[in-house]
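Comments concern the structure below.
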Amino acid sequence: MAKVLIKGNEAVAEAAIRSGCRYYFGYPITPQTEIAEYMAKKMPTVGGLCLQAESEVAAINMVYGASASGVRVMTSSSSPGISLKSEGVSYIVGCDLPCVILNVQRGGPGLGGIQPSQSDYYQATKALGHGDMQLFVLAPSSVQEMAQLTADAFGIADKYRMPVLLLADGALGQMMEPVDFDALKFTPEPEKPWAVNGHGGKRKKNIITSLFLKPEELEANVLERDKKYKEVDANEVRYENYLCDDADIIIVSFGITARISKAAVNEARKQGVKAGLLRPITLSPFPSEILNKLADNASAFLSVELNMGQMVNDVKLATECKKPVYFYGRTGGSLMSSDDVLDEIKKISGGLK
Amino acid sequence: MTNKIILAGFGGQGILFLGKKLASAGMEKDLNVTWLPSYGPEQRGGTCNCSVILSDTDISSPIISNPDTLVAFNIQSYEKFMPKINAGGVLFADSTLIDKRPERDDIKAYFIPATQIANDLGTPKLVNVVMLGYLIKNTDFFDKDYIRSYLTDSLPASKASLREANGKAFDAGYGYNE
Chain A
1 MAKVLIKGNE AVAEAAIRSG CRYYFGYPIT PQTEIAEYMA KKMPTVGGLC
51 LQAESEVAAI NMVYGASASG VRVMTSSSSP GISLKSEGVS YIVGCDLPCV
101 ILNVQRGGPG LGGIQPSQSD YYQATKALGH GDMQLFVLAP SSVQEMAQLT
151 ADAFGIADKY RMPVLLLADG ALGQMMEPVD FDALKFTPEP EKPWAVNGHG
201 GKRKKNIITS LFLKPEELEA NVLERDKKYK EVDANEVRYE NYLCDDADII
251 IVSFGITARI SKAAVNEARK QGVKAGLLRP ITLSPFPSEI LNKLADNASA
301 FLSVELNMGQ MVNDVKLATE CKKPVYFYGR TGGSLMSSDD VLDEIKKISG
351 GLK
Chain B
1001 MTNKIILAGF GGQGILFLGK KLASAGMEKD LNVTWLPSYG PEQRGGTCNC
1051 SVILSDTDIS SPIISNPDTL VAFNIQSYEK FMPKINAGGV LFADSTLIDK
1101 RPERDDIKAY FIPATQIAND LGTPKLVNVV MLGYLIKNTD FFDKDYIRSY
1151 LTDSLPASKA SLREANGKAF DAGYGYNE
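Read top to bottom, the protein sequences are chains A and B. The numbers in the numbering used here rise by one with no breaks, and the one at position 230 of the first sequence is 230. The numbers in the numbering used here rise by one with no breaks, and the one at position 56 of the second sequence is 1056.
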């Protein structure tokens, strides 16, 4: 099939259905409501279920139950709604259940605004829920990638039995771009012998719980899960390296701002400044190793984000502050232009001389 | 070549549709394209706009602060976006609803009474298609025959009468001389 012009939100929904997701639970919130709309239309035609829950809290707990029964399931929301889901997310992690969660970020804190933002970076990568937990966090930067990373998310979630969070923003969710759905790669759904479902007494019963009252049992449970996180760290890091290898100034940026930064890198190169872009595709696990390596030859790093400076701290940790790490951001729903980023590059480059 | 286009007017004038047609026609021609609607607490009869970018290189941001081309369907949109058009840019405006003329000479301005023409044809809803015809005539975005058949062929055969009406509206816009 040829390419279709489609919104980021709709591309996620279509890719999810093609990935074998047959259960969607959600609650409307701008700027991601098209997902629920698309699911409501399409799920019944493929024998699936789209249900508008009475709240975000209910929706995530429906995901919890569906996932425990061994099916592919997802939910989506935007920043304030994601905060509401955090309790359920922690329970799902504590039960080692797979699911896909999409956050189409808007400005915050509080009710905030409805325009694009990346200000939930900390929440997504550090603490979307209580306890010793991590999520797998993917950051798409085009509508085609919204679709592909959704397909990947279901595979990763099943492989590691952990929730995968897609961290997008209002611009990626609302914009239309051409998508080639036939080019998508899918991971078949594995057997799930751990699922709690009917078995007619023919096997030992499965128990799914996050409650461990004995400290030694809970510690063993957390240690066991930590092995999984180490495996994820070792095997699943993804990034795009754009002209970084000979670069003096390396921009680190994800999602919509990575596209804007790429245009700035191209313009900087035209003007004789050796700039590059390291675009994390996985925010957790974070591409620390490559950044640390690049810090040996680069002169400075610039983290470009739609917030007041969140990922910049991970860049500092990754590079062990071997080189200066600068930050440039806009917040509240405003976006920078590639000229704004270029100005920042020039400021740093001027200071270096 | 990159062309940043803002289309703006009232909800109901077919602005988002017109933007989608331009973007998808560009996609069929293997251009990079983005389409982004204004979204917010919208209301029926309120203003609406969308941003379309057509480019033969990667598109960095779908958000347009300064358009190369503005297609304005009401006075509010004209006043909001006309001053932001890049020097050397182009303005298309519906003169039925916009009685002002730009006080700047670094842009090209094309006025067409699109609402009046659509009403006279008996198809008031096709004001956007009248404008499309006029836009295609005065830009080199797309070949006329390609975009005209792309427009009419995208309507299902069961709506053959709409194909004819759309073709007529397109031709009326294309044939208009200020």
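Even for Gly, the Cβ is constructed at its ideal location relative to N, Cα and C.
Option in the options with minimal Cα separation from residue i
i, options, result
"A:I379", "A:Y38, A:T33, A:V89", "This structure does not reach residue 379 of chain A, given that chain A is present from 1 up to 353, and the question cannot be answered."
"A:G70", "A:A183, A:E87, A:P190", "A:P190"
"A:L128", "A:R203, A:P80, A:R72", "A:P80"
"A:K293", "A:T282, A:T319, A:I281", "A:T319"
"A:S284", "A:V164, A:K7, A:K316", "A:V164"
"B:Y1150", "B:T1002, B:N1003, B:E1028, B:L1007", "B:E1028"
"A:C99", "A:Y121, A:G155, A:L84", "A:G155"
"B:N1128", "B:Y1039, B:A1072, B:S1055", "B:A1072"
"A:M336", "B:S1077, B:L1018, B:L1155, B:I1064", "B:I1064"
"A:V222", "A:M133, A:A68, A:K270", "A:M133"
"A:Q94", "A:M74, A:S67, A:P140, A:P178", "Strictly speaking, residue 94 of chain A in this sequence is Gly, with Gln absent from that position. Nearest option by C-alpha distance: A:S67."
"A:K323", "A:S117, A:R330, A:V312", "A:V312"
"A:A2", "A:R161, A:A183, A:A247, A:G255", "A:A183"
"A:K85", "A:M62, A:K202, A:D96", "A:M62"
"B:T1123", "B:L1036, B:A1165, B:I1085, B:G1040", "B:A1165"
"B:K1137", "B:G1088, B:Y1174, B:L1031", "B:Y1174"
"A:G333", "A:E216, A:M308, A:L277", "A:M308"
"B:N1074", "B:S1024, B:G1014, B:P1041, B:M1001", "B:G1014"
"B:L1007", "B:K1125, B:R1163, B:S1154, B:K1080", "B:K1080"
"B:N1032", "A:M176, A:E289, A:L211, A:V341", "A:M176"
Per-residue burial, residue i [other beta carbons within 10 Å of its own, 16 or more giving buried]
i, result
"A:I207", "exposed"
"A:Q310", "buried"
"A:P31", "buried"
"A:D314", "buried"
"A:V46", "exposed"
"A:P140", "buried"
"A:Y38", "buried"
"A:R225", "buried"
"B:T1034", "buried"
"B:G1133", "buried"
"B:R1044", "exposed"
"B:E1178", "exposed"
"A:R72", "buried"
Contact with chain B by residue i, beta-carbon distance below 8 Å
i, result
"A:P140", "no"
"A:P285", "no"
"A:I114", "yes"
"A:I260", "yes"
"A:A171", "yes"
"A:Q174", "yes"
"A:L335", "yes"
"A:E240", "no"
"A:S338", "yes"
"A:P178", "yes"
"A:A263", "yes"
CB contact below 8 Å: residue i versus chain A
i, result
"B:S1154", "no"
"B:Y1150", "no"
"B:Y1199", "Limits of chain B in this structure are 1001 at one end and 1178 at the other, which puts residue 1199 of chain B out of reach."
"B:K1055", "Per the sequence shown, the amino acid found at residue 1055 of chain B is Ser instead of Lys. Not an interface residue."
"B:K1020", "yes"
"B:G1040", "yes"
"B:D1058", "yes"
Heavy atom of the ligand MG within 7 Å of residue i beta-carbon
i, result
"A:A268", "Ligands in the displayed structure: none, and consequently the ligand MG is not present."
- prompt: Taking Cβ-Cβ distances below 7 Å as the criterion, which residues of the region 1024 to 1037 of chain B are in contact with chain A?
  reply: Within the region 1024 to 1037 of chain B, the residues whose Cβ lies closer than 7 Å to some Cβ of chain A are S1024, M1027, V1033, T1034, W1035, L1036, P1037, listed in chain order.
message: Using 8 Å as the cut-off, can you tell me whether the region 250 to 259 of chain A makes contact with the region 290 to 307 of chain A, which would need three or more C-beta pairs spanning the two stretches below that distance?
response: Yes, they touch.
query: Going along the chain, which residues of the region 2 to 34 of chain A sit with their C-beta nearer than 7 Å to a C-beta in chain B?
result: Residues of the region 2 to 34 of chain A that bring their beta carbon within less than 7 Å of a beta carbon in chain B comprise K3, L5, T30, P31, in sequence order.
query: Which residues, taken in chain order from the region 1062 to 1074 of chain B, show a beta carbon closer than 7 Å to some beta carbon of chain A?
result: Of all residues in the region 1062 to 1074 of chain B, P1062, I1063, S1065 have a Cβ within less than 7 Å of some Cβ in chain A.
task: Check whether the region 1157 to 1175 of chain B touches the region 1092 to 1101 of chain B, counting contact only when three or more Cβ pairs, one atom from each stretch, lie closer than 8 Å.
output: They do not touch, by the three-pair rule.
task: Would you check if there are 3 or more beta carbon pairs closer than 8 Å linking the region 11 to 26 of chain A to the region 41 to 61 of chain A?
output: Touching, yes, given that three or more Cβ pairs across the two stretches are closer than 8 Å.
- prompt: Below 8 Å, can you find three or more Cβ-Cβ pairs linking the region 36 to 47 of chain A to the region 1041 to 1056 of chain B?
  reply: Judged by Cβ distances under 8 Å, the region 36 to 47 of chain A makes no contact with the region 1041 to 1056 of chain B, as fewer than three pairs qualify.
- prompt: For the region 179 to 191 of chain A, which residues have a CB atom closer than 9 Å to at least one CB atom of chain B, in sequence order?
  reply: Cβ contacts with chain B come from no residue of the region 179 to 191 of chain A.
query: Counting Cβ pairs, one atom from each stretch, are 3 or more of them under 8 Å apart for the region 270 to 285 of chain A and the region 224 to 239 of chain A?
result: The answer is yes - the region 224 to 239 of chain A touches the region 270 to 285 of chain A, with three or more Cβ pairs under 8 Å.
query: Is the region 1080 to 1092 of chain B touching the region 1106 to 1122 of chain B, taking contact as three or more C-beta pairs under 8 Å?
result: Touching, yes, given that three or more Cβ pairs across the two stretches are closer than 8 Å.
task: Determine contact between the region 5 to 15 of chain A and the region 137 to 151 of chain A, defined as no fewer than three beta-carbon pairs at a distance below 8 Å.
output: At 8 Å Cβ cutoff, the stretches touch.
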